[in-house]
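Novice: There's a structure below that I have some questions on.
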Amino acid sequence: MQLSMLRLCVSMVAVAAPALSGSASAQETVQQDGDASTGIEEIVVTAERHAQNVQRAPLAIQVFDAESALRAGLTSAADLAKLTTGLDVSAGGASTQLYIRGVGDTSFNPLANPGVAFNVDGVYVARPASIGGNFYDIARVEVLKGPQGTLYGRNANGGSINIITHEPELGSTGANLNFEAGNYSLAHVSGAVNFPLGAEMAIRGAFNIVSRDGYLSDGTNDDRQQSARLRLKWAPESGNLTLLLNGDYSHLDGDGVGYVWLPRRPGASKWEAAGSRAGVDYRNSFPPFGPLLTDNLPPQYQNSDLWNVSAQLDWNFDFATLTILPAYRHSDVKTAAFPTLEQSEDNRGSQKSIELRLGNSGADLTWVLGGYYFTESSVGSQTDRGGDPIQSVKFVYEPDTDAYAAFGQATVSLLDGLRLIGGLRYTYEKRRLDGTMSNQSPLLGTPGAILEVFASRAAFDGTTYKLGLEFDLAPRSMMYATLSTGFKAGGLNQTIPPLAVYEPERLTAVEIGTKNRFFDNRLQLNATLFHWKYKDLQDQRLTFDTTGNLNFLFFNVGEATIKGGTLELVAKPLEGGTFSAAVEYADSNYDSFTFRVPALVFAPGSTGCPTRVDGPDVVGDCAGFQVARVPRWTGTVSYEHEFMLTDDSAIVAGGSMKFASHRWLSTDFISAARGQPYAIFDANLTYRVDERYSVSLFGRNLGNKAYHTGGLQQVFVPGLFAATIAAPRTYGVQAQFNF
């Protein structure tokens, strides 16, 4: 019923667009100059590897500019989720877990792959533990929804998040400084400085420092980050060449991500930590589950050093532009987290990549051809202890990846206002994993004794494509229909064959959308319908590995269908006022989802799915369940109004809301992992003078709503869920200065 209504809405928008746009076309030719000041601003994106107006891009995309990022206090991907429909963000150890419409990854070490690509200034960030520390000096953020297999390649099954930072400005000297202070001892300082080095060169430096105490009772969910970035731009007067050099460094520390138990201990605060070290350690007696841990846990921590160097060369020829983008990233991540296991990780890794593109954008033909090479290597260890010494093991691993791709995409005009889209990409990937599993328990023999040695190799390849049509309904209205595919690489488990290899995930998406501007550019109305077919889903389970040791292994467990639609509206009904709203409906279910675990380690109540005994195993069948991390409804609403005091000063008042319905937080499907619906409200009040300075009061999650974002079941206590939780009510003051 809901999906039928959305289909009707999309059809009505598409039918009405020519009439509404046509009635305004005569005014638009006369009032074009006034649109920028009185109408909705134009936004230029590079989501399809060339600059274009976001209203002409044939894909589902949400874009946030620098002002939006500062106003929202955007310092992490979790903050971005509050602004976006269909995006779900959680954490596991030091890793950021990104989901778009249920497609993502729950892993917390470098052995698995993310399902949503994350890019900074065109460079793919392979490791989820390296996502933090990038959210400052932002020009814009692009959230692309749906498989981006043609232009972005592997591991962009659910979509892509693109962070674009400010480039140096030639011939301009300037600086900005931003302060933010609030409860939980928040102190946030960021800034940037830009100055020319002659007529053809400029340099820009930026920094970001965040210090905030934890939201949870044990001090976890704190935020400690220090980051700096330096960018150099050279553009000779000939105009044919532009070179950008980039370097950045981030240090992340503190206690790191925290968890709360679901269901809560009787009388416990909603923000009482699972690892609380204050007062009674209730984990030793947690009715009705009984003892969980038998020892005192050491302090939790996070300590990460991340740095990157990259370059982008754009060379303009008469017929096309050549882009060369080499990059190197290094990470050194140490973390200890204790939601269900005493788990510590120490990983050092690096990635190298180079992308070459040749393309051109014209009125009748826009095209791009390219090649891509990526290599990644790391050395790491992971120690797991469940409180009982018998459960103590240590993994040492050295994973390597080499990936190659060739791609092309073109949009060609067939008739006046009608364009054909076609794209193709081939990816070949080789993976290697060497390592050991060793005993850490004196009850099982000599601590450090090797239990298992694994040395696995695998290769995967995939062809992804995009086909579609664009049609101009009116000068400021267009409609599109696309068929696109995505490819998430397979991987290697930390064991020996036959359980060593799991296969790639693949996603096929059909999308129909329309984008429109009406009433002298004061109303923007976009609508999208989507249908995703998600195959060979990767899921992690505790089981006996090939050599008989307990191990967390990935398996391909089934297929899913995710379908629905979105409506997005931006309006300027009054002078100085901007209203925006977005709502997304997603009807999702697993067409098939089968897992198998040994009966010896299966505990009744550890899954909400029907089970049966099959020899020595228990087989679970989760077909028909709503896809994890996919609320049926999500939405955002905001209004901002500017009250001019003088010609150069104003007060700006704004408020926003984000809501979501029920969703599963994990694929255990136990009652404790059923995320409750929520609505959160933010507000801000700003006094500004020109572009020189502003002072703001802000409040976020004003209702102090406790809502959970992810988590995992306690390994040896079925029914008990360790959940990550979003920020409680926060408030404070911001000040921004431009020089």
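The numbering of the sequence shown is full-length UniProt numbering, which starts it at 1 and goes up by one.
C-beta atoms are modelled at their ideal positions from N, C-alpha and C, and glycine is treated no differently.
Excluding the five sequence neighbours on either side, which residues of its own chain have a C-beta within less than 6 Å of the C-beta of V103, listed in chain order?
Specialist: Locating residue 103 in the sequence shown gives position 103, counting from the first residue. Contacts found: G115, N157 and G158.
Novice: Hey, how far is the Cα of N176 from the Cα of T686?
Specialist: Start at 1 with the first residue of the sequence shown, and residue 176 comes out as number 176. Start at 1 with the first residue of the sequence shown, and residue 686 comes out as number 686. Those two C-alpha atoms are separated by around 17 Å.
Novice: Can you grab the Cα-Cα spacing for the pair Q55 / S656, in whole Å?
Specialist: Residue mapping note: residue 55 aligns to position 55 of the sequence shown, counting from 1. Residue mapping note: residue 656 aligns to position 656 of the sequence shown, counting from 1. Approximately 23 Å between the Cα atoms of the pair.
Novice: Measure the alpha-carbon distance for A727 versus Q97 and round it to whole angstroms.
Specialist: Counted from its first residue, the sequence shown places residue 727 at position 727. Counted from its first residue, the sequence shown places residue 97 at position 97. A727 and Q97: Cα-Cα distance of roughly 16 Å.
Novice: Judging by CA-CA distance, which residue of L483, E452 and L230 is the nearest neighbour of L467?
Specialist: For the purposes of this step, residue 467 is taken as the residue at position 467 of the sequence shown. Taking only the C-alpha atoms, the option nearest L467 is L483.
Novice: Can you say whether M437 is buried or exposed, counting buried as having 16 or more other CB atoms within 10 angstroms of its CB?
Specialist: One-based indexing of the sequence shown puts residue 437 at position 437. M437 should be labelled buried.
Novice: So what does F179 bridge to, in DSSP terms?
Specialist: The residue you call residue 179 lines up with position 179 of the sequence shown. DSSP output for F179 lists V189 and A735 as bridge partner(s).
Novice: Which residues in the same chain have their Cβ closer than 6 Å to the Cβ of T242, if we skip the five residues on either side of it in sequence?
Specialist: Against the sequence shown, residue 242 aligns to sequence position 242. Cβ neighbours of T242 beyond the five flanking positions: A235 and D314.
Novice: In terms of residues, what are the limits of the beta strand (DSSP E) holding R71?
Specialist: Here the question's residue 71 lines up with position 71 in the sequence shown. Run containing R71: none in the beta strand (DSSP E); it sits in the alpha helix (DSSP H), A66 to R71.
Novice: From the DSSP secondary-structure annotation, give me the bridge partner or partners of P399.
Specialist: In the sequence shown, counting from the first residue as 1, residue 399 sits at position 399. P399 pairs with L433.
Novice: Excluding sequence positions up to five away, which residues of its chain have a Cβ less than 6 Å from the Cβ of K431?
Specialist: In the sequence shown, residue 431 corresponds to position 431, counting from 1. Sequence inspection shows Arg at residue 431; the Lys mentioned does not correspond to that position. So the qualifying residues of the chain are T401, A458 and L492.
Novice: For the stretch 83 to 90 and the stretch 549 to 563, state whether three or more C-beta atom pairs, one from each stretch, are separated by less than 8 Å.
Specialist: no
Novice: With DSSP as the reference, identify every bridge partner of Y124, one or two as the case may be.
Specialist: Indexing the sequence shown from 1 puts residue 124 at position 124. Answer is N119.
Novice: In whole angstroms, what separates the C-alpha of Y693 from that of H166?
Specialist: Sequence index remark: in the sequence shown, residue 693 carries index 693 (1-based). Sequence index remark: in the sequence shown, residue 166 carries index 166 (1-based). Their Cα atoms are separated by approximately 19 Å.
Novice: By Cβ distance, which residues of its chain are closer than 6 Å to R593, with the 5 residues on each side in sequence left out?
Specialist: As a position in the sequence shown, residue 593 is number 593, starting the count at 1. Reading off the sequence, residue 593 comes out as Phe, not Arg. Counting only Cβ-Cβ distances below 6 Å, and skipping sequence neighbours, we find V557, G558, C622 and A623.
Novice: Which runs of the alpha helix (DSSP H) fall wholly inside the stretch 70 to 98 and span at least 4 residues, in chain order?
Specialist: 77 to 81
Novice: When the distance is taken between beta carbons, is G513 closer than 7 Å to E150?
Specialist: Within the sequence shown, residue 150 is the residue found at index 150, counting from 1. Within the sequence shown, residue 513 is the residue found at index 513, counting from 1. Going by the sequence as given, residue 150 is Thr instead of Glu. Result no, Cβ atoms of T150 and G513 do not sit closer than 7 Å.
Novice: Which residues in the same chain as A57 place their Cβ atom closer than 7 Å to its Cβ, once the five residues preceding and following it in sequence are excluded?
Specialist: The residue given as residue 57 occupies position 57 in the sequence shown. So the qualifying residues of the chain are V45, A47 and E48.
Novice: Nearest to N155 by alpha carbon, out of N208, V717 and I100?
Specialist: By 1-based counting over the sequence shown, the position of residue 155 is 155. Checked all of N208, V717 and I100; the closest Cα to N155 is I100.
Novice: If you drop the 5 nearest sequence neighbours on each side, which residues of the same chain put their C-beta closer than 6 Å to that of Y428?
Specialist: Numbered from 1 along the sequence shown, position 428 holds the residue referred to as residue 428. Result list for Y428: Y404 and D461, in chain order.
Novice: Under DSSP, the beta strand (DSSP E) around P598 begins and ends at which residues?
Specialist: Here residue 598 corresponds to residue number 598 of the sequence shown, with the count starting at 1. Taken as a continuous stretch (DSSP letters only), the beta strand (DSSP E) holding P598 covers G577 to P598.
Novice: Which word fits L216, buried or exposed, when buried means at least 16 other C-beta atoms lie within 10 angstroms of its C-beta?
Specialist: The count along the sequence shown starts at 1 and reaches residue 216 at position 216. L216 is buried by the Cβ-count criterion.
Novice: Please report the straight-line C-alpha distance between A528 and L469, rounded to a whole angstrom.
Specialist: As a working note, residue 528 is residue 528 in the sequence shown. As a working note, residue 469 is residue 469 in the sequence shown. The sequence shown places Thr at residue 528, not Ala. Cα-Cα distance, rounded: 14 Å.
Novice: Would T611 pass as a contact of V601 if the rule is Cβ separation under 7 Å?
Specialist: In the sequence shown, counting from the first residue as 1, residue 611 sits at position 611. In the sequence shown, counting from the first residue as 1, residue 601 sits at position 601. Not a contact, by the Cβ cut-off of 7 Å.
Novice: Pick helix, strand or coil for A405, following the three-state DSSP scheme.
Specialist: Residue mapping note: residue 405 aligns to position 405 of the sequence shown, counting from 1. Looking at A405 - three-state DSSP - the assignment turns out to be strand.
Novice: In angstroms with no decimal places, state the Cα-to-Cα distance between T733 and S638.
Specialist: Here residue 733 refers to the residue found at position 733 when the sequence shown is read from its first residue. Here residue 638 refers to the residue found at position 638 when the sequence shown is read from its first residue. Residue identity differs from the one stated: residue 733 is Val in this sequence, not Thr. Looking at the two C-alpha atoms, the distance is approximately 20 Å.
Novice: Select from L59, E67 and Q52 the residue whose C-alpha is nearest the C-alpha of E691.
Specialist: Counting from 1 along the sequence shown, the entry for residue 691 is found at position 691. Closest option to E691, Cα to Cα, is E67.
Novice: Considering only the beta carbon of each residue, do T546 and I496 sit closer than 7 Å?
Specialist: Along the sequence shown, read from residue 1 onward, the residue named residue 546 stands at position 546. Along the sequence shown, read from residue 1 onward, the residue named residue 496 stands at position 496. It is a contact, given that the beta carbons lie within the stated cut-off.
Novice: Under DSSP, the beta strand (DSSP E) around F643 begins and ends at which residues?
Specialist: By 1-based counting over the sequence shown, the position of residue 643 is 643. Note, F643: beta strand (DSSP E), W633 to M644.
Novice: In terms of alpha-carbon separation, which member of L144, N119 and A455 lies closest to E511?
Specialist: Residue 511 sits at position 511 when you count from the first residue of the sequence shown. Considering only alpha carbons, the answer is L144.
Novice: Can you name, in chain order, every residue of its own chain whose Cβ lies under 8 Å from the Cβ of G239, other than the five neighbours on each side?
Specialist: Within the sequence shown, the letter at position 239 stands for residue 239. The residues N316, in chain order, have a CB closer than 8 Å to that of G239 in the same chain once the five nearest residues on each side in sequence are set aside.
Novice: Please tell me whether G356 and G371 are closer than 7 Å, where the distance is taken between their beta carbons.
Specialist: Along the sequence shown, read from residue 1 onward, the residue named residue 356 stands at position 356. Along the sequence shown, read from residue 1 onward, the residue named residue 371 stands at position 371. It should be noted that the sequence gives Leu, not Gly, for residue 356. In contact: L356 and G371 (Cβ atoms closer than 7 Å).
Novice: Tell me which same chain residues have a C-beta within less than 7 Å of the C-beta of A126, skipping the five on either side of it?
Specialist: The residue given as residue 126 occupies position 126 in the sequence shown. Listed in chain order, the non-local C-beta contacts of A126 below 7 Å within the same chain comprise Q351 and E376, local neighbours out to five positions each way being set aside.
Novice: First and last residue of the beta strand (DSSP E) that includes residue 743?
Specialist: A question about residue 743 goes unanswered here, because the residues of the chain that appear run from 1 up to 739.
Novice: Is N303 closer than 7 Å to D384 when the C-beta atoms are compared?
Specialist: Sequence index remark: in the sequence shown, residue 384 carries index 384 (1-based). Sequence index remark: in the sequence shown, residue 303 carries index 303 (1-based). For D384 and N303, no; Cβs fall outside 7 Å.
Novice: Applying the criterion that 16 or more other CB atoms from any shown protein chain within 10 Å of the CB defines a buried residue, is I725 buried or exposed?
Specialist: Taking the sequence shown and counting its residues from 1, one reaches residue 725 at position 725. Buried, by the Cβ-count rule.
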